[in-house]
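Here the structure comes first, spelled out in structure tokens, and everything after it is commentary.
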Amino acid sequence: MDSTQTSTQAPTVKPTTGEHTEPSLDSSYQLEWIKKLLAQIKDCLKQNSDWLGVDPSKPQRILDYACGNGTVSSVKLFNEEASKLLGPNHQDRMHAIQGDLNEPEKTPVLTRPEWFGFDCAIISFALHHVDDPIELLKLLKARVKPGGTIVVVECLKQDGAETDSATASSGIKDGEPKYNPANMKAVPMGRVWPGFSVEDVHEDYAAAGCTDVDLRIWPEPVELPKMPTFGGRCTIPGLGSRKKDENTSDLCLKVYRVAAQW
1 MDSTQTSTQA PTVKPTTGEH TEPSLDSSYQ LEWIKKLLAQ IKDCLKQNSD
51 WLGVDPSKPQ RILDYACGNG TVSSVKLFNE EASKLLGPNH QDRMHAIQGD
101 LNEPEKTPVL TRPEWFGFDC AIISFALHHV DDPIELLKLL KARVKPGGTI
151 VVVECLKQDG AETDSATASS GIKDGEPKYN PANMKAVPMG RVWPGFSVED
201 VHEDYAAAGC TDVDLRIWPE PVELPKMPTF GGRCTIPGLG SRKKDENTSD
251 LCLKVYRVAA QW
């Protein structure tokens, strides 16, 4: 977990969102296609900062949840305009802890006031690893102030792609949860939901109690490596789409914006 406030160390807690089968993912960030993807995420966030609700004229408190290697927090706009919670120095602008919103009791620091009332909460290419995306959206909503924004950068399920019953609302019986972890797809990096449709975006945010839902699709296609297939289409860890050729996909980077209102 990462906040553009200050920098410190925190106790390690057992992650419960998703499942990773590799002991360390650090080497993944050295892969060329991932480097390009991270650069696309940064460009997307910077170019859409006004739409995301980030006002550079005012100090901002931004929560970067499931921060990975800090891609979101390294976006200069967020760092330069972040409020200096514990001091004026640059190194004091960020406060990083390893915690889990699903089990805050294992990280008591999460109960402190500074971990609430954020202007914006961002989760980038991690929601597809979460057992129940709707429940996590509710937890993120609880961390932003009224009128704040929750931003999700994720893979868009393409029109015409075969429907995956794991995320399709049709066929779900009354009283059953939309997301059943047993339906997640196994990939080398763990278990994932193979993308979210436009319908999913609106349904999931509404179910989390949010309003003013909107999305934008990043125009530059995401390049894919050669990977095994599942569900009848070529995929990479965390991304699911049909490929145009061996190296590119019609998958587009998208950002969801929602004004969380109480």
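Using the numbering used here, read the sequence shown as starting at 1 and increasing by one per residue. Just so it is clear, CB atoms sit at the ideal spot from N, CA and C, and this is done for glycine as well. In this text the structure is predicted, and so the values were computed from the model without any measurement.
Indicate whether residue i and residue j have their beta-carbon atoms separated by less than 8 Å.
| i | j | result |
| --- | --- | --- |
| C155 | G190 | no |
| P108 | D204 | no |
| T71 | S28 | no |
| D119 | K138 | no |
| I41 | V153 | yes |
| V201 | L37 | no |
So which of the options has the shortest CA-CA distance to residue i?
| i | options | result |
| --- | --- | --- |
| W51 | P221, R216, V222, E220 | R216 |
| L140 | E220, K58, N102 | N102 |
| D212 | P219, W218, T149 | T149 |
| Y65 | P181, K185, V222, R143 | R143 |
| V130 | V192, W115, I122 | V192 |
| F116 | L63, P59, S197 | L63 |
| R61 | C210, A208, M94 | M94 |
| G53 | V151, G209, Y179, K157 | V151 |
| G209 | S57, G147, L110 | G147 |
| K178 | D55, E114, L45, E135 | E135 |
Which partner residues does residue i have in the DSSP bridge list?
| i | result |
| --- | --- |
| L156 | F196 |
| F125 | In the DSSP output, where bridge partners are listed per residue, F125 has none listed. |
| F118 | V144 |
| V222 | Paired residues: none, contrary to the question. |
| K185 | V192 |
| A208 | DSSP output for A208 lists no bridge partner at all. |
| Y65 | I123 |
What separation, rounded to the nearest whole angstrom, lies between the Cα atoms of residue i and residue j?
| i | j | result |
| --- | --- | --- |
| N69 | E176 | 35 Å |
| E199 | D214 | 11 Å |
| L31 | D43 | 19 Å |
| P188 | R112 | 36 Å |
| P104 | A39 | 31 Å |
| Q47 | G99 | 29 Å |
| I122 | S49 | 12 Å |
| N247 | S74 | Any answer about N247 is weak, because its pLDDT of 37 lies below 50 and its placement is not dependable; what the coordinates show is given next. In a straight line, the C-alpha of N247 is about 27 Å away from that of S74. |
| W218 | L127 | 18 Å |
| A96 | L45 | 20 Å |
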